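Report on one structure; see the data block that follows.
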Amino acid sequence: MSLASRLASAAVALAATTSLMAAPASAIENAPIASDALSNTAARVTADVAGGTFVCTGAAISPTVILTARHCTTQADPTSVTAPDGTVIPVTGFTASNKSDLAVLKLGRTWTGDIARTSVVPARAKSTFAAYGMGGDENNTLRVSRGVVTIPVSSNTSMSFDGQLLSPLMGETSDGSSWEHGDSGGPVVNNNGEIIGVISGASATGFVSDKTMNIIGPLSVDAALLTNAGVTPVVPSQSDPTPSVPGTIIPNPSDLVPGSNSPDAGSSLDAGSIIGIITAVISLLGALGGLASQFGLI
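Just so you know, the sequence shown maps onto residues -22 to -1, 1 to 276 in mature numbering (1 follows the signal peptide of the UniProt record, and there is no 0).
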């Protein structure tokens, strides 16, 4: 069995169902409770399964559309979402992506919270994002926590899940927080306040031993999922360096050769940069090699 297949198998086993297993005491662990406008876009997504309720997080991206994780729709069809103000809204249908761990839910009534913007601009290496989750709340208080996640190095990863080859982003927490069961589908947001992906999974060990590795389902690999749902995302401008492979992380402008418009143009790297790149690649390969027994979707 391939590494990707083993990861997917572990992921299914880690999906949490309330009333069947103990839940952690808070949402994103060791993260503050959020009270900003973006937290008011967060939704608790529920689906009825035998013996309990399957719980995920989502975010409103239009008055009648919720963005969440694809794997939140595989055990059972989502039946309702709950807004931060406690309003329960029925789900009348959903569409799951076949390119990323993404799904959009169609609501039967208008959303009562705020609406988030989305972006399909590919994530840049060394970028930092905010992640919002409503999972792990055993008291069902609808708290939304806000953690921080960083994409440390440029990498392309593919993972087979539910019969589809998905292309996640690999990141790691940079504030001591950790994603919990039920945070899946929570929005991952850039500095412009735009959702660039959703919480997909986590591992106990990241690129550095004291950090948690995070898996993000990126919007950049499936813009059609949004546009077909009537949502217009921010798209890359023609001046942006665009990867040849959808979902690829592109360098920050500071990482480009001065005076160039492309990471392929310009002069040679200095010795320090080369050593840094080699170290990052070795670290990434080591982390990926040890994930099979630890990683899972949440």
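The beta carbon of each residue, even a glycine, is placed where N, CA and C say it ideally should be.
These numbers were taken from a predicted model, which means no experiment stands behind them.
Item to check | Range covered by the beta strand (DSSP E) that runs through residue 277 | outcome: In the structure as shown, the chain starts at -22 and stops at 276, and residue 277 therefore has no counterpart that could be examined.
Next on the checklist: Quick check: the stretch 86 to 94 against the stretch 27 to 45, are at least 3 beta-carbon pairs closer than 8 Å?
Outcome noted: Touching, yes.
Checklist entry - In the DSSP assignment, what are the bridge partners of residue 60? => result Partner(s): 22 and 66.
Item to check | Sheet register partners of residue 42 (DSSP bridge) | outcome: DSSP, once it has assigned bridges, lists no residue as partnering residue 42.
Next on the checklist: DSSP three-state label for residue 80, please.
Outcome noted: coil
Checklist entry - Who are residue 196's beta bridge partners in DSSP? => result Looking at the DSSP assignment, residue 196 forms a beta bridge with 175.
Checklist entry - Since residue 16 sits in a beta bridge, which residues does DSSP pair it with? => result Per DSSP, residue 16 has no beta bridge partner at all.
Item to check | Through-space distance from residue 50 to residue 167, alpha-carbon basis | outcome: 19 Å
Checklist entry - Bridge partners of residue 112, per DSSP? => result None; residue 112 has no bridge partner.
Checklist entry - Is residue 34 closer than 9 Å to residue 19 when the C-beta atoms are compared? => result Against a cut-off of 9 Å, the Cβ pair of residue 34 and residue 19 comes out as no contact.
Next on the checklist: Which residues does DSSP list as the beta-bridge partners of residue 165?
Outcome noted: 176
Checklist entry - Which class does residue 87 belong to by DSSP, given the choice of helix, strand or coil? => result coil
Next on the checklist: Just to confirm my understanding: we take residue 84, look at its own chain, exclude 5 residues before and 5 after, and list those with CB closer than 6 Å. What are they?
Outcome noted: 70 and 71
Next on the checklist: Could you compute how far the alpha carbon of residue 100 sits from the alpha carbon of residue 64?
Outcome noted: Between the C-alpha atoms of residue 100 and residue 64 there is a straight-line separation of about 34 Å.
Item to check | residue 280 to residue 87 span [Cα, whole Å] | outcome: Residue 280 lies beyond the stretch modelled for the chain, which goes from -22 to 276, so this question has no answer here.
Checklist entry - By how many angstroms is the C-alpha of residue 210 removed from the C-alpha of residue 96? => result 8 Å
Item to check | Coil, strand or helix - residue 210 by DSSP | outcome: coil
Checklist entry - DSSP beta-bridge partners for residue 51? => result Residue 51 pairs with nothing; no bridge assigned.
Checklist entry - Per DSSP, which one or two residues make a beta bridge with residue 27? => result 30
Item to check | Simplified DSSP state of residue 71, which is helix, strand or coil | outcome: Residue 71 carries a strand assignment under DSSP once its states are collapsed to helix, strand and coil.
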